[in-house]
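**Student:** If you want the numbering used here, it's the position in the sequence shown, counting the first as 1, plus 2.
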Amino acid sequence: MSTINITNARKDLYNLVDAVNMFHEPALIVGKRANAVLISESDWTAIQETLYLNSIPGMTKSIVEGANESLEDCISEDMVSW
């Protein structure tokens with residue numbers, strides 16, 4: 003995680019936002035009274051989705067089991083009814 007003081011972050015905010023989005027690396031913004039972390043919207047959404055999925059009992063285990071299943075044991079996409 004990169005670190006930048008709040009004065010420099012304010013001066014270069016457009017480039018800081020671009021870099022956070024391009025490289026998916028959070029930026030720690032350090033101020034006199036408090037600090038904050040800047041992350042891209044897509045990274046924030048991914049974190050929220052992960053937290054939601056982890057809140058469902060058994061979901062993490064189901065995802066891991068599905069990831070470990072061989073493709074030969076899976077049904078084809080056209081056989082799935084949504």
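We treat Cβ as the ideally placed atom computed from N, Cα and C, and that holds for glycine. Source: prediction; values computed, not measured.
(1) Which same chain residues, not among the five before or five after Leu55, have their C-beta less than 6 angstroms away from its C-beta?
(2) Less than 8 angstroms between the CB atoms is what I'm expecting for Leu18 and Ala29, so what's the real figure, rounded?
(3) Below 6 angstroms CB to CB, which residues in the same chain sit around Ser4 once its five sequence neighbours on both sides are set aside?
(4) When the distance is taken between beta carbons, is Ile31 closer than 8 angstroms to Ile58?
(5) Using the Cα positions of Ser42 and Ile49, report the straight-line distance between them to the nearest angstrom.
**Tutor:** Straight from the coordinates:
(1) Correct list, in chain order: Met61.
(2) The pair is a contact, with the Cβ atoms about 6 angstroms apart (cut-off 8 angstroms).
(3) Cβ neighbours of Ser4 beyond the five flanking positions: Ala29.
(4) No, the pair does not count as a contact, with Cβ atoms beyond the cut-off.
(5) C-alpha separation (whole angstroms): 11 angstroms.
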